[in-house]
Amino acid sequence: MNLRTTIATAAIAQIAGCMVVGWWFRHALNNDAVAYLQLAEYYANGDFSLAVSGYWGPLLSWLLAPLLALECPPWVAARLVMGLSATFFLAGCTRFFLILPWQDTWKKAAIWVAAVVSIPWSVANVTPDLLLAGLLAFVWASLFRAGTSLSPSHGFAAGALAGLATLAKAVALPVACLTASCWLLFRPSTSDEPSKKKWAVLGAFLVGLSLTISPWTAVLSHHYGQFTLTRSATINHALAGPKGMEHYHPTFTSFHTPPPGRLTSWEDPSEMSYTTWKPWDSPRHLWHQIKVMLLNAAKIQLMLTTLFLDWPVVLGWCWWQHRLRRQERRSFSNPPHVRFAAWGLLSMMIVYAPIYLRISDQRYFYPALPLLMVFGVWMAEGFAELLPQARPWFQKLLPWSFVLPGCVLLFWWLPPKRTAGQLSLRLAEELRAKNLRGAIAGSALQPGGRVGLLTAYYLKAPWLGDQPGADAEQCWKSGADLFLVNSNDPLAEMLARHPGFAEINIPPQYAQSTSPAVLIRVFRRITPADASPH
């Protein structure tokens, strides 16, 4: 099978796989999906002042908006756009792999790896991370060619693509700029090569980047009344603050009223109050920042291992190669594509090290897959030189180091995550049938997300947040008309006994293959003038 046939076959298999798992996970929505979908609805309805958010990148909402304008159900629009993101990811990875100095066997294997792992990733979340990974794969391809050929046109293309990636997610800006700077400026020069060429390529990169992000930056700056590239970096750093500071989003830790016109403050968390801090404020803060970075460095290694099982072996291989090449301190390794992959991975690690990071946020490192593949092939070729007779085994086993984690994700980790989306859709239908309207509060946290938030989205009702540890009186004072709580939460019994709440009779709900049970209890806020409980 030649390369062209492999690409076509992998693309067809990926599209078919995305259709199957897309239907299987059709109602799976996460918390972030509510923000992207609601912002997309503002775009579709022409409410541009509400559609602008400095926390969320606009690109995913721009893709969702036309589908919602055509009255496509939100879950259908989400699945279509995530399937498109998976296809775009495969295209970007294919572009990158084809320009690498590999044997066709490795290129075919890498293309199939990208096709297979993108299938579970397309249903893991409704977020722009997979789209970002595809865009950055195109950036990697253009940037690698810019560094090897010192062509300003490739540098400009890489910059323009990096700007587009920034519109998907703001983290692309520092990652791309850091990778480009290190790759170009620390590139070994030859005697007949003027050093000015490096700066020309880097300049072209920055020009392409600036032209792409300038319009959106102007929109954000006008919206907030000050120069604004993004507000996500400040918030994510605030959440990593020292002991005694709030370590989670106020949207989910307090009762509050969303800003006028919005259904939830989650659409623009920057409008909530966060406690910011700076490492240089005090020695205590500096020491805390160092600890955060060290802890995140360890987390990142675990996260990369969940993408590529052989990553610890690669680290050992790198250490061994470093010992063998101690005299070559100028570069990480001889092959240019390995040096490039090293700069790309290191840039991602540096950007994520100082901020709030959870091991479960594997999606942040989807863009690392093509770079990890470079390291994997480099290591496998090195082992094959030591054991030539084992080369076919290395070529067969390496792809499974990427595919197996994807299979575990799809068949074991992700299925329970459908629960929140399924329950919220059914609850919304029940409440709509009972003609129960009004503001909603309470998370009713289930695998996959917050049922309270998702139900409010389906009902187009304001969501007034949640407050961990709140009692029934505080829930009543929240002002919410409806309160959702897990049936096994002690708060449910408190609300049932409180005279200010009446429980709504909800039929038993199914969660996956379990028997029907009341997983979520719904309470209506009443006053003495109200009728008896439903």
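Under my numbering, the first residue of the sequence shown carries the number 1079, and numbering increases by one thereafter.
Note that beta-carbon positions come from the ideal geometry of N, C-alpha and C, so glycine has one too.
Given Lys-1538 as reference, the closest of Trp-1101, Gly-1170, Arg-1510, Arg-1417 once Cα atoms are compared:
Checked all of Trp-1101, Gly-1170, Arg-1510, Arg-1417; the closest Cα to Lys-1538 is Arg-1510.
For the putative contact between Ile-1582 and Val-1563, defined by C-beta atoms under 8 Å, what is the C-beta separation to the nearest angstrom?
Between Val-1563 and Ile-1582 the Cβ distance is about 12 Å, and since that is not below 8 Å, they are no contact.
Tell me which same chain residues have a C-beta within less than 7 Å of the C-beta of Lys-1377, skipping the five on either side of it?
Counting only Cβ-Cβ distances below 7 Å, and skipping sequence neighbours, we find Leu-1435, Ile-1437.
Which class does Phe-1386 belong to by DSSP, given the choice of helix, strand or coil?
Of the three classes helix, strand and coil, the one that applies to Phe-1386 here is coil, per DSSP.
Using DSSP's beta-bridge definition, name the partner residues of Ala-1224.
When beta bridges are read from the DSSP output, Ala-1224 appears opposite no residue.
Among Gly-1543, Asp-1567, Met-1572, the one whose alpha carbon lies nearest that of Asp-1559:
For Asp-1559, the nearest C-alpha among the options comes from Gly-1543.
Residue environment, Asp-1207, which counts as buried when at least 16 other CB atoms sit within 10 Å:
Residue burial is scored here from C-beta neighbours: Asp-1207 has at least 16 other C-beta atoms within 10 angstroms and is therefore classed as buried.
Is the number of C-beta pairs between the segment 1108–1128 and the segment 1216–1225 that are closer than 8 Å three or more?
The answer is no - the segment 1216–1225 does not touch the segment 1108–1128, with fewer than three Cβ pairs under 8 Å.
Out of Arg-1404, Arg-1401, Cys-1396, which has the shortest C-alpha to C-alpha gap to Val-1416?
Of the candidates Arg-1404, Arg-1401, Cys-1396, the one whose C-alpha sits nearest the C-alpha of Val-1416 is Cys-1396.
Which one of Val-1194, Thr-1257, Leu-1228, Arg-1082 has the shortest CA to CA distance from Gly-1422?
Of the candidates Val-1194, Thr-1257, Leu-1228, Arg-1082, the one whose C-alpha sits nearest the C-alpha of Gly-1422 is Thr-1257.
Quick check on Arg-1603: buried or exposed, where buried means 16 or more other Cβ atoms within 10 Å of its Cβ?
Result: buried.
At least 3 beta-carbon pairs within less than 8 Å: the segment 1465–1481 vs the segment 1500–1515:
Inter-segment contact for the segment 1465–1481 and the segment 1500–1515 is absent: fewer than three beta-carbon pairs are separated by less than 8 Å.
Cα-Cα, which of Ser-1288, Ser-1196, Pro-1336, Ile-1291 is closest to Ser-1556?
Ser-1556 has its Cα closest to that of Pro-1336, out of Ser-1288, Ser-1196, Pro-1336, Ile-1291.
Alpha-carbon spacing of Ala-1609 relative to Tyr-1535, whole angstroms:
The pLDDT assigned to Ala-1609 is 44, lower than 50, so where the model puts this residue is not dependable, and the model offers no usable value.
Ala-1061 and Glu-1345 closer than 8 Å at C-beta
Residue 1061 lies beyond the residue range present for the chain, which begins at 1079 and ends at 1612; the question has no answer from this structure.
Enumerate in chain order the residues of its own chain whose CB-to-CB distance from Arg-1265 is below 7 Å, with the five nearest sequence positions on each side excluded.
The residues are Gly-1225, Lys-1276.
With a threshold of 8 Å, are at least 3 pairs of Cβ atoms found where one atom belongs to the segment 1089–1102 and the other to the segment 1297–1315?
Counting Cβ pairs under 8 Å, fewer than three are found: no touch.
Mind checking Gln-1590: buried by the 16 CB within 10 Å criterion, or exposed?
Any reading at Gln-1590 must be qualified, since the residue scores a pLDDT of 48, below 50, and its modelled position is unreliable; the value itself is stated next. Exposed.
My output table needs one value for Leu-1532: the three-state DSSP class, helix, strand or coil.
Reduced to three states, the DSSP call for Leu-1532 is helix.
Can the beta-carbon of Ala-1498 be found less than 8 Å from the beta-carbon of Gln-1524?
Between Ala-1498 and Gln-1524, the CB-CB gap stays under 8 Å.
Does the separation of the CB atoms of Cys-1260 and Ala-1215 fall below 8 Å?
When the beta-carbon positions are compared, Cys-1260 and Ala-1215 stay at least 8 Å from each other.
Reference Pro-1357, options Ser-1351, Ala-1236, Ile-1368, Met-1350, closest by Cα
Distances from the CA of Pro-1357 to each of Ser-1351, Ala-1236, Ile-1368, Met-1350 were compared; the closest alpha carbon is that of Ile-1368.
Range covered by the beta strand (DSSP E) that runs through Val-1600:
Under the DSSP assignment, Val-1600 falls in the beta strand (DSSP E) whose first and last residues are 1598–1603.
Any heavy atom of the ligand SAH closer than 7 Å to the Cβ of Ala-1458?
With respect to small molecules bound, the structure shown includes none, and the ligand SAH cannot be examined in it.
Minimum C-alpha distance to Phe-1386 - residue among Gly-1516, Val-1191, His-1327
The candidate whose alpha carbon is nearest that of Phe-1386 is Val-1191.
Go ahead and label Asp-1388 buried or exposed: buried means 16 or more other beta carbons lie within 10 angstroms of its beta carbon, across all protein chains shown.
Asp-1388 comes out buried.
Arg-1496, buried or exposed, once every other Cβ within 10 Å from all chains shown has been counted against 16:
Classified as buried, Arg-1496 has 16 or more neighbouring CB atoms from the shown chains inside 10 Å of its CB.
Exposed or buried, what is Gln-1500 when buried is set at 16 or more other beta-carbons lying within 10 Å of its beta-carbon?
The residue in question, Gln-1500, is buried, as its Cβ has 16 or more Cβ neighbours within 10 Å.
Run through DSSP, which three-state label would Ile-1582 get?
Looking at Ile-1582 - three-state DSSP - the assignment turns out to be strand.
For Gly-1100, tell me which candidate among Trp-1471, Phe-1234, Ser-1200, Leu-1262 has the shortest Cα-Cα distance.
The alpha carbon of Gly-1100 has as its nearest neighbour, out of Trp-1471, Phe-1234, Ser-1200, Leu-1262, the alpha carbon of Ser-1200.
Which runs of the alpha helix (DSSP H) fall wholly inside the segment 1403–1463 and span at least 4 residues, in chain order?
Qualifying alpha helix (DSSP H) stretches, in chain order: 1414–1430.
Check for me: the beta strand (DSSP E) holding Leu-1560 runs from which residue to which?
Taken as a continuous stretch (DSSP letters only), the beta strand (DSSP E) holding Leu-1560 covers 1560–1564.
Using three-state DSSP, classify Gly-1170 as helix, strand or coil.
It is helical.
For Gly-1543, the three-state DSSP class (helix, strand or coil):
Strand.
4-residue-minimum alpha helix (DSSP H) runs that sit fully inside the segment 1283–1348, ordered along the chain:
As summarised for the segment 1283–1348, the continuous alpha helix (DSSP H) elements at least 4 residues long and confined to that stretch are 1310–1316, given in chain order.
How close, in whole Å, do the beta carbons of Ser-1521 and Leu-1514 come, if the pair is a contact with beta carbons under 8 Å?
That belief does not hold up - the Cβ atoms of Ser-1521 and Leu-1514 are roughly 19 Å apart, past 8 Å.
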